Structures are given as structure tokens and as C-alpha cells.
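Engineer:
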Amino acid sequence: MLKPFFKVLSPGEALELFKAFEPLHQESISMCDALFRVLAEPLIAEEDVPGFNRSTMDGIAVRAADTFGASESSPALFTLTGEIAMGELPDMKLKKGEAVRIWTGGALPPNADAVVMIEHVEQIDRTTVEILKSVAPYENVVRKGEDFKAGDVLLPAGHRLRPQDLGMLAAMGKSEVTVYRKPKIAVLSSGDEIVPVHETPRPGCMRDVNRHTISAMITEAHATPVWIGIARDNLPDLASNIDRGLSEADAIVISGGSSMGSRDHVIEAITAYEDSEVLLHGVSISPGKPLILGQVNGKAIIGLPGHPVSAMVCLQQFVVPLMRRLEGETSLGPFLHPCIHAHLRRNVPSKEGRTDFVRVRLEQGNGQLFATPVMGKSGMVSSMVRAHGYFIIQTDCEGLYKGDLVKVYLFSDWMEGSLEKEYLSGHETAGRSACPVLTASQQERLSRI
Numbered sequence: 001m002l003k004p005f006f007k008v009l010s011p012g013e014a015l016e017l018f019k020a021f022e023p024l025h026q027e028s029i030s031m032c033d034a035l036f037r038v039l040a041e042p043l044i045a046e047e048d049v050p051g052f053n054r055s056t057m058d059g060i061a062v063r064a065a066d067t068f069g070a071s072e073s074s075p076a077l078f079t080l081t082g083e084i085a086m087g088e089l090p091d092m093k094l095k096k097g098e099a100v101r102i103w104t105g106g107a108l109p110p111n112a113d114a115v116v117m118i119e120h121v122e123q124i125d126r127t128t129v130e131i132l133k134s135v136a137p138y139e140n141v142v143r144k145g146e147d148f149k150a151g152d153v154l155l156p157a158g159h160r161l162r163p164q165d166l167g168m169l170a171a172m173g174k175s176e177v178t179v180y181r182k183p184k185i186a187v188l189s190s191g192d193e194i195v196p197v198h199e200t201p202r203p204g205c206m207r208d209v210n211r212h213t214i215s216a217m218i219t220e221a222h223a224t225p226v227w228i229g230i231a232r233d234n235l236p237d238l239a240s241n242i243d244r245g246l247s248e249a250d251a252i253v254i255s256g257g258s259s260m261g262s263r264d265h266v267i268e269a270i271t272a273y274e275d276s277e278v279l280l281h282g283v284s285i286s287p288g289k290p291l292i293l294g295q296v297n298g299k300a301i302i303g304l305p306g307h308p309v310s311a312m313v314c315l316q317q318f319v320v321p322l323m324r325r326l327e328g329e330t331s332l333g334p335f336l337h338p339c340i341h342a343h344l345r346r347n348v349p350s351k352e353g354r355t356d357f358v359r360v361r362l363e364q365g366n367g368q369l370f371a372t373p374v375m376g377k378s379g380m381v382s383s384m385v386r387a388h389g390y391f392i393i394q395t396d397c398e399g400l401y402k403g404d405l406v407k408v409y410l411f412s413d414w415m416e417g418s419l420e421k422e423y424l425s426g427h428e429t430a431g432r433s434a435c436p437v438l439t440a441s442q443q444e445r446l447s448r449i
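Sequential numbering from 1 applies to the sequence shown in the UniProt record's numbering.
Rendered as C-alpha cells:
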């Protein structure tokens with residue numbers, strides 16, 4: 001017998017529920033292990049970097065005022081008084097017309113304020129050089145504290161550490177850093193028809209696609225998947241597996257059993273616990289409508305649709321922000337990868353009041369980038385494999401037309417380079433943090449999408 005139908009929330013309302021969970025505990029880890037971890041406290045500089053005026057070139061250190069007027073036609077003569085050894089802080093002071101040899105990264109003498117590049121210096125004899133070009137004060141020099149000064153807030157709490165951030169930690173001498181604990185996400189498949197990937201499915205059964213897709217997406221979001229198993233279509237077995245997930249992980253993701261059929265037991269399993277609540281059952285998106293969010297003892301339990309495409313959409317749009325929240329990240333959006341703009345190849349209908357996620361394949365033609373919708377039911381994983389990304393049709397839109405400009409979210413970072421090579425020769429791609437700059441008319445059209 002079918003159960004009473006669920007109440008559907010908008011994507012925005014649903015997302016706020018996923019973002020309401022508290023971050024995990026903090027821990028101190030080695031800077032060497034901190035890549036992609038999230039800072040639990042702001043990173044504040046304890047010293048000036050660099051701690052001295054540092055040369056950016058091989059050449060000679062001088063007082064800039066002594067070089068004024070020097071040129072190839074009228075070079076200035078300088079007395080070379082020595083050489084600054086790397087790793088030493090010199091204490092000699094230059095007199096008028098004196099210079100000292102210096103290498104890239106070397107510390108300038110106390111009253112030197114510029115470096116003349118070696119290309120603009122000619123050696124006359126062992127102690128005499130000609131300078132062929134004047135230099136301005138602090139030319140070819142990084143000044144003390146120019147990179148950052150003691151007391152500067154370099155990175156805020158909630159920032160996910162990138163390779164360049166680790167370089168800053170090293171520059172500060174930070175061998176350890178305080179971060180939020182990395183979330184462990186239990187992965188549980190459900191259904192009598194699901195078999196492990198190494199088994200040959202008997203008639204009416206299918207291999208466990210979602211386990212591997214979901215686990216990979218969790219790893220991509222910098223969390224740790226914990227495989228629980230395949231639960232059968234009965235409440236006791238599902239509850240037993242949820243018990244294990246609650247004991248081993250910070251949240252549970254269940255694929256299948258989230259709809260309203262007589263064999264869908266996720267809601268019953270959640271509400272069987274004393275300290276539990278069903279926060280969400282149903283979201284107005286396609287694919288992915290029968291989404292569940294509950295909590296048991298403060299831990300999130302997510303019921304994803306069993307269809308692979310629906311599960312992937314829900315995981316990216318809602319579970320990725322949850323994982324970011326658990327790890328304390330302040331950027332809680334679902335988009336992990338670059339976006340790119342493209343023109344639709346054909347009309348795409350939609351239903352007002354529902355948010356549609358439309359898979360597309362990208363190709364170039366006549367100097368423009370085009371997006372062709374990849375059709376396929378939500379149970380067909382091949383439609384995700386064929387697609388390069390997806391675009392979103394918002395709830396107040398009844399569809400888009402051929403030629404409309406859409407924002408396509410790519411499925412992975414590396415795909416951007418692949419697309420650029422395969423399709424986008426001569427086309428300006430998105431990249432990095434934002435989509436390409438658009439004309440005023442393009443921006444106006446996008447505002448209606």
C-alpha cells in the first residue's frame with residue numbers, strides 16, 4: 001500500500017535545512033597534512049614577511065639616489081665594496097658611490113634601497129663598475145613586511161586551504177594548524193534488487209551503481225566515505241545498518257527507499273529513534289524529488305532517490321553543502337567546479353514551480369559554444385557519462401528556447417581543459433572562479449533564466 005504523499009519544499013528551503021547542522025570538532029594537524037582542510041580559527045601573521053628588505057634580482061645593491069641620471073650614454077661609476085652572502089643579514093653601510101654585489105633573495109645593507117639588475121652593470125675592474133640605468137627607490141626590492149605584516153589576518157576561519165595557502169603557512173613557520181575534523185559519511189545502499197558490483201545480477205536485479213558514484217562524490221568534496229553495506233527492503237535490516245552508520249560516521253547517505261512505496265522504510269527507520277526528526281521529505285526539483293533529510297542525535301540522515309541521476313543531483317545540490325558545513329567551511333554552495341556559458345541547441349520545456357537540472361553536452365560551432373540536452377530517464381547513468389555538465393531552469397520559468405544563453409556547470413575541474421582542447425579552440429572559457437564576461441544583452445537574458 002502506498003503511504004501518504006510527502007510535502008514538497010523549494011530547493012532554497014531545503015538547502016537551509018541542510019546548512020543548519022553544526023560543524024564538527026576541531027583538531028590540530030601537521031601543516032603537511034592540511035591541504036583542502038578547513039581552518040577552525042583565523043590565520044594571523046606573527047611576524048613581518050619578509051623580515052628584511054630582499055632583492056628580487058641578481059645585481060648590485062645601491063642607494064637609489066646615487067644612480068640618478070645614469071644611462072648607457074652617461075654611465076655612473078661605482079666602487080664595488082664586496083658581496084652579500086646568501087642567508088646573512090649585512091651590517092655594512094654604503095657610502096655615496098658605493099655598491100655591493102647581491103643575489104636574488106639576498107638581504108640589502110641597512111641604507112641600500114634599490115638593486116640594479118646585473119644586465120645594467122658593466123665591470124670595469126675588480127672594484128669598479130659602471131651602472132647603465134638609474135633605479136628608483138625600492139626598485140627590484142621586496143620591502144620588509146611587504147608580503148604581510150605581524151598582526152595581519154591572512155586567512156579567515158572557515159577557509160579551505162589550497163596549495164598556495166600552505167606556502168603561506170610555511171612562510172610563517174606554522175608547522176601545525178587548527179582545522180575542523182574531516183567528515184566521515186556513511187554510504188548505505190538499499191533494495192532487494194541491488195547486488196555488489198562483482199556479482200552477476202540475476203533477472204530483475206542490478207549492480208550497485210550508487211555506492212561507487214556517491215562514494216566518489218564524497219571523496220571529491222574532501223570528506224571520507226564509509227561503506228556500510230546493502231540493506232534489504234525490510235525495516236529491521238535497514239535499522240541495523242543505520243545503527244552501524246551512526247556509530248561509525250558523522251552523517252549517513254542512503255540511496256533508495258526515499259519514496260512513498262510500501263517497501264520504502266527510511267522515514268520509519270529515522271522516526272524509530274527517540275531523539276529524531278524528519279526535517280524534509282520531498283523537494284521541488286527534477287530529477288530528485290523524493291529526497292529525505294532527518295536527524296538522529298544531531299547526526300544527519302539523508303535518503304537519496306535510488307535512480308543514479310537523481311541521486312547525483314541531490315547529492316551535489318544538498319549533501320555537498322552539508323559536508324562543507326560539517327567541516328566548518330563558510331562557502332556552502334553546491335558548485336565545486338567551473339561554469340561556462342553556452343547557447344541551447346533546442347527548446348527545453350519545464351514545469352513552473354519546479355527547478356529542473358538539465359544535463360548537456362557541449363560543442364563548438366561558428367565560433368560559439370552550444371549546449372545540447374542529453375536526454376535519458378533518471379535511472380540511466382549513461383546520460384551523466386555522456387554529459388559535460390548541466391544547467392538549471394528556475395521555478396518561475398516554463399522553459400527555455402533554442403539559442404538562449406545558459407550557464408553550464410561542469411562536472412569536474414579537469415573537464416574544462418578537456419573541453420578547451422576538444423571543443424573550445426578560440427573560445428573564452430570560464431575558469432577558476434567565475435564565468436566569462438558577458439555583453440550587456442547576454443547579462444540581461446541570463447537574468448531571466
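Note that the Cβ used here is the ideal one computed from N, Cα and C, for glycine as well.
Since this is a predicted model, take the numbers as computed values, not measurements.
Which of the three DSSP states is assigned to Ala269 in this structure?
Structural biologist: helix
Engineer: Closest by CA to Lys19, which one among Asp208, Leu344, Gly328, His343?
Structural biologist: Gly328
Engineer: I'd like to know whether the C-beta atoms of Val142 and Ala99 end up nearer to each other than 8 Å.
Structural biologist: no
Engineer: Measure the Cβ-Cβ separation of Leu279 and Leu291 and say whether it is below 8 Å.
Structural biologist: No, Cβ-Cβ distance for Leu279 and Leu291 is not below 8 Å.
Engineer: Does DSSP classify Val381 as helix, strand or coil?
Structural biologist: coil
Engineer: Does the structure place the stretch 38 to 46 close enough to the stretch 96 to 116 that three or more beta carbon pairs sit under 8 Å?
Structural biologist: no
Engineer: With Val358 and Pro373 assumed to form a contact (beta carbons below 8 Å), what rounded beta-carbon distance in angstroms separates them?
Structural biologist: 6 Å
Engineer: Enumerate in chain order the residues of its own chain whose CB-to-CB distance from Ile194 is below 6 Å, with the five nearest sequence positions on each side excluded.
Structural biologist: Asp208, Ile230
Engineer: Assuming Ile131 and Pro90 make a contact with CB atoms under 8 Å, what is their CB distance in whole Å?
Structural biologist: Between Pro90 and Ile131 the Cβ distance is about 20 Å, and since that is not below 8 Å, they are no contact.
Engineer: Rounding to the nearest angstrom, what Cα-Cα distance links Leu2 and Ile270 in this structure?
Structural biologist: Low local confidence applies: a pLDDT of 44 at Leu2 is under 50, so the model's placement there is unreliable, with the coordinate-based value given in what follows. C-alpha separation (whole angstroms): 18 Å.
Engineer: Give the straight-line distance between the Cα atoms of Val177 and Ile29, rounded to the nearest whole angstrom.
Structural biologist: 6 Å
Engineer: Go ahead and pull the three-state DSSP assignment for Leu15.
Structural biologist: Correct three-state label for Leu15: helix.
Engineer: Starting from the Cα of Gly87, find the closest Cα among Lys93, Ala107, Leu169 and give me that residue.
Structural biologist: Ala107
Engineer: Applying the criterion that 16 or more other CB atoms from any shown protein chain within 10 Å of the CB defines a buried residue, is Asn347 buried or exposed?
Structural biologist: Result: exposed.
Engineer: Does the count of Cβ pairs from the stretch 108 to 125 and the stretch 48 to 67 closer than 8 Å reach three?
Structural biologist: Judged by Cβ distances under 8 Å, the stretch 108 to 125 makes contact with the stretch 48 to 67, as three or more pairs qualify.
Engineer: With C-beta atoms as the reference, is Ser189 less than 8 Å away from Ser247?
Structural biologist: no
Engineer: Out of curiosity, what's the CA-to-CA distance linking Pro321 and Ile218?
Structural biologist: 11 Å
Engineer: Does the pairing of the stretch 167 to 187 with the stretch 234 to 254 give three or more beta-carbon distances under 8 Å?
Structural biologist: yes
Engineer: So, does the stretch 157 to 170 touch the stretch 237 to 245, judging by three or more C-beta pairs under 8 Å?
Structural biologist: no
Engineer: Nearest CA to the CA of Val319: which residue from Ala342, His343, Leu235, Gly294?
Structural biologist: Nearest Cα to Val319 within the set Ala342, His343, Leu235, Gly294: Gly294.
Engineer: Take Ala70 and list the residues in its own chain whose beta-carbon comes closer than 8 Å to its own, dropping the five residues that flank it on each side.
Structural biologist: Around Ala70: Ala76, Ile131, Leu132, Lys133, Ser134.
Engineer: Assuming Asp147 and Pro50 make a contact with CB atoms under 8 Å, what is their CB distance in whole Å?
Structural biologist: 6 Å
Engineer: Going by CA-CA distance only, name the one from Arg126, Arg345, Asp192 that's closest to Arg232.
Structural biologist: Asp192
Engineer: Going by the CB atoms, is the gap between Lys402 and Arg345 shorter than 8 Å?
Structural biologist: yes
Engineer: Return the residue from the list Gln316, Pro137, Asp48 that minimises the CA-CA distance to Ala150.
Structural biologist: Asp48
Engineer: Figure out for me which residue from Gly82, Lys7, Leu315, His120 has the closest Cα to the Cα of Met57.
Structural biologist: That would be His120, whose Cα lies nearest to the Cα of Met57.
Engineer: In this structure, how does DSSP classify Met168 when only helix, strand and coil are distinguished?
Structural biologist: helix
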